[in-house]
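Below you'll find the structure, written out as structure tokens, and then a few comments.
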Amino acid sequence: MPVKQLPETLINQIAAGEVIERPASAAKELIENAIDAGATRIEIATAGGGKSLMRITDNGCGMDAADLDLAVRRHCTSKISDTLDDIRTLGFRGEALPSIGSVARLTITSRRQGDPEGAQVTVAGGRMSPVRPAAANTGTVVEVRDLFFATPARLKFLKSERAEAAAITEMVKRMAIAFPSVRFVLSGPDRSTLELSATGDDQLARIAQILGPEFRDNAIEIDAEREDVSLNGFAGVPTFNRGNSAHQYAFVNGRPVQDKLILSAIRGAYAETVPSGRYPVAVLSIHLDPAFVDVNVHPAKADVRFRDPGLVRGLIVGAIREALAREGSRASTTGGHGLMRAFRTGTDQPRAPWQADQSPSRPLAEARGFSEGQQAAFDSLTVPSGRTDAPDQPEAISRAENTVLPIPFANHPLGAARAQLHENYIVSQTDDGLVIVDQHAAHERLVFEEMRKALNSGRLASQALLIPEIVDLPEEDCDRLMAHARDLDRFGLAIERFGPGAVAVRETPAMLGEIDAGLLVRDLADEIAEWNTAGGLRSKLENVAATMACHGSVRSGRRLRPEEMNALLRQMEATPGSGQCNHGRPTYIELKLSDIERLFGRS
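For reference, each letter of the sequence shown is one residue, going 1 to 603 in the UniProt record's numbering.
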């Protein structure tokens, strides 16, 4: 069969298959064009999940008739000239508009500032109509109707209108986080209107619009730099987590990306602090010289390639872990909010059993079910008016003057221990509220951190194999492993080269017990090949340390003396990450006095 050149329309449809996967892809390309044009207000209207209609209106610089004529032709762009090494705009390929026009009915109306009138061009199924004058405001309106009408097979692969509309919403949210100075309005008969007012330089305010006000209360600021690569943004405390990774947003030089390296680094930074199956919330922006990152990896521009991926991954992991350590014992505020929701006011509940048939002559202790001995003990207590403190609590009570002495440690972040409930929960009083601590989870974290320090102090103990295990690997994997042999030996894994395509394992970490040395080495080789790091072994060791810490911590059901409870609180305050246990569950929740007063209708 002879070689022949494909017609322009078919070439555009092939390109559209790569660039325009679904309505959200088309909306993304058009919004990027609006932002590149300097728009400060972008309005998006959709119908039928974007399949029937998408209309993007912006107040950017606009285009004249000559620009419009070229804009709908392939590989015509105003954003790059001779090189791909200095891309500072979101778009640069010159493929989006002709690709959309080849599979849909595309109309672009635009007016450049200062021009007496606007211009309009139409492309339907790849056939372009001549540019003609049109009435228009300054800026551009792009209308896309009947998406994929020219390629009906593609329509069969789209999801429901609701799902496609949701995908557009998620895309708009990502763009809005990246550009807080732009006002976004998303509307249409297939959705509720989403309006995101501009927040200027206040990125956290824009993030709160997207993720909710709770994120503001549970966010830790990230600001780090390494070798001319800067990282900033916000990461949630570990106990503020979600059921999927949809709340992880990453941006490279302002471009929203869904890059595997970045998502893996976020997962690694929270490795031992978030429960299995849960995902941290994070919004991270990476800025570096455009020459050091390749954004021309995929037509959708969602993936990037860094010249030094190990540097970027190390920066992300290190910055998040440093921020978590800086915040110390901080836990999520959602625990307190959940506690508030769990309480119901007394007027909403039936009378308690001890309230039934209770007359004024009936002793309070009897109503509580006390025995005669307990009744006598209860009557003998001298308790200040309005207080029901037991005598073994940390607060000192002066019987002579009927006054309360100052509570020690009350001005500390976690306050002073006041009681132990169900032999597991410590109730602590702070200056402005109360804290409830899970003693087992808290002490488990403290023990784990001590073991972690031991892990960092020197070479871990190892156990020698009677017969070295020979692991066959590709030669390049052997080279990578041997390049990290010294680091692996520090963790108790001793390996040697055994010919060109194998390594010999002579010692394994004693902490891991009996393991499949071959599987461990192969996993390490894969990790080093992908990220040029050898963190997998450390992760395995820390998992073992976490398990040992669980068995070595204060168990539920153990009564603690007041001084033991306070000592635990003070140790938590001094230990990074003590707001969650090794499995990512919260170790304490806090309830402010204002919240308590609201429960009783006092505020």
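A virtual CB, placed ideally from N, CA and C, is assigned to each residue, including glycine.
Bear in mind that the values here come from a model prediction, so they are computed numbers and not experimental data.
Our contact map puts residue i next to residue j with C-beta atoms below 8 angstroms; I'd like the distance itself, whole angstroms only.
{"i": "residue 279", "j": "residue 241", "result": "6 angstroms"}
{"i": "residue 295", "j": "residue 249", "result": "That pair is no contact at about 17 angstroms."}
{"i": "residue 55", "j": "residue 143", "result": "5 angstroms"}
{"i": "residue 64", "j": "residue 112", "result": "5 angstroms"}
{"i": "residue 252", "j": "residue 293", "result": "6 angstroms"}
{"i": "residue 471", "j": "residue 521", "result": "5 angstroms"}
{"i": "residue 215", "j": "residue 281", "result": "6 angstroms"}
{"i": "residue 496", "j": "residue 464", "result": "Rounded, the Cβ-Cβ distance is 13 angstroms, inconsistent with contact."}
{"i": "residue 525", "j": "residue 480", "result": "6 angstroms"}
Given this structure, state the Cα-to-Cα distance separating residue i from residue j, to the nearest angstrom.
{"i": "residue 485", "j": "residue 37", "result": "52 angstroms"}
{"i": "residue 20", "j": "residue 157", "result": "13 angstroms"}
{"i": "residue 575", "j": "residue 57", "result": "52 angstroms"}
{"i": "residue 585", "j": "residue 577", "result": "11 angstroms"}
{"i": "residue 62", "j": "residue 318", "result": "43 angstroms"}
{"i": "residue 243", "j": "residue 469", "result": "40 angstroms"}
{"i": "residue 224", "j": "residue 231", "result": "5 angstroms"}
{"i": "residue 581", "j": "residue 415", "result": "20 angstroms"}
{"i": "residue 188", "j": "residue 146", "result": "16 angstroms"}
{"i": "residue 378", "j": "residue 588", "result": "Because residue 378 sits at a pLDDT of 32, beneath the cut-off of 50, its placement in the model cannot be relied upon, and the following sentence gives the value as read from the coordinates. Cα-Cα distance, rounded: 31 angstroms."}
{"i": "residue 44", "j": "residue 27", "result": "8 angstroms"}
{"i": "residue 198", "j": "residue 183", "result": "5 angstroms"}
{"i": "residue 98", "j": "residue 181", "result": "29 angstroms"}
{"i": "residue 164", "j": "residue 53", "result": "12 angstroms"}
{"i": "residue 434", "j": "residue 420", "result": "13 angstroms"}
{"i": "residue 161", "j": "residue 326", "result": "45 angstroms"}
{"i": "residue 265", "j": "residue 126", "result": "42 angstroms"}
{"i": "residue 562", "j": "residue 427", "result": "11 angstroms"}
{"i": "residue 103", "j": "residue 528", "result": "43 angstroms"}
{"i": "residue 32", "j": "residue 247", "result": "21 angstroms"}
{"i": "residue 169", "j": "residue 186", "result": "8 angstroms"}
With a threshold of 16 other CB atoms inside 10 Å of the CB of residue i, please say whether the residue is buried or exposed.
{"i": "residue 491", "result": "buried"}
{"i": "residue 46", "result": "buried"}
{"i": "residue 1", "result": "exposed"}
{"i": "residue 456", "result": "exposed"}
{"i": "residue 3", "result": "exposed"}
{"i": "residue 422", "result": "exposed"}
{"i": "residue 600", "result": "exposed"}
{"i": "residue 621", "result": "Here the chain comprises residues numbered 1 to 603, so residue 621 is not present and cannot be evaluated."}
{"i": "residue 310", "result": "exposed"}
{"i": "residue 259", "result": "buried"}
{"i": "residue 591", "result": "buried"}
{"i": "residue 517", "result": "buried"}
{"i": "residue 608", "result": "There is simply no residue 608 to check, as the chain begins at 1 and stops at 603 in what is shown."}
{"i": "residue 193", "result": "exposed"}
{"i": "residue 445", "result": "buried"}
{"i": "residue 594", "result": "exposed"}
{"i": "residue 14", "result": "exposed"}
{"i": "residue 191", "result": "buried"}
{"i": "residue 597", "result": "exposed"}
{"i": "residue 75", "result": "exposed"}
{"i": "residue 431", "result": "exposed"}
{"i": "residue 285", "result": "buried"}
{"i": "residue 209", "result": "buried"}
{"i": "residue 467", "result": "exposed"}
{"i": "residue 5", "result": "exposed"}
{"i": "residue 477", "result": "buried"}
{"i": "residue 509", "result": "buried"}
{"i": "residue 59", "result": "buried"}
{"i": "residue 238", "result": "buried"}
Can you name the residues that DSSP bridges to residue i?
{"i": "residue 417", "result": "428"}
{"i": "residue 139", "result": "111"}
{"i": "residue 54", "result": "46 and 144"}
{"i": "residue 223", "result": "232"}
{"i": "residue 453", "result": "Answer is none; residue 453 lacks a bridge partner."}
{"i": "residue 604", "result": "Limits of the chain in this structure are 1 at one end and 603 at the other, which puts residue 604 out of reach."}
{"i": "residue 183", "result": "41"}
{"i": "residue 566", "result": "Beta-bridge pairing links residue 566 to no other residue."}
{"i": "residue 255", "result": "252"}
{"i": "residue 422", "result": "Paired residue(s): none; residue 422 is not in a bridge."}
{"i": "residue 133", "result": "119"}
{"i": "residue 508", "result": "463"}
{"i": "residue 280", "result": "241"}
Would a check of beta-carbon distances place residue i closer than 7 angstroms to chain D?
{"i": "residue 559", "result": "Structure shown: chain D not included; a single protein chain is present."}
Legend entry - Touch test, the stretch 437-444 against the stretch 567-581, Cβ-Cβ under 8 angstroms, three pairs minimum: yes
Legend entry - At least three beta-carbon pairs within less than 8 angstroms, the stretch 213-227 to the stretch 264-280: no
Inset, instruction - Give a yes or no on contact between the stretch 113-125 and the stretch 133-142, applying the rule of three or more CB pairs nearer than 8 angstroms. - result: yes
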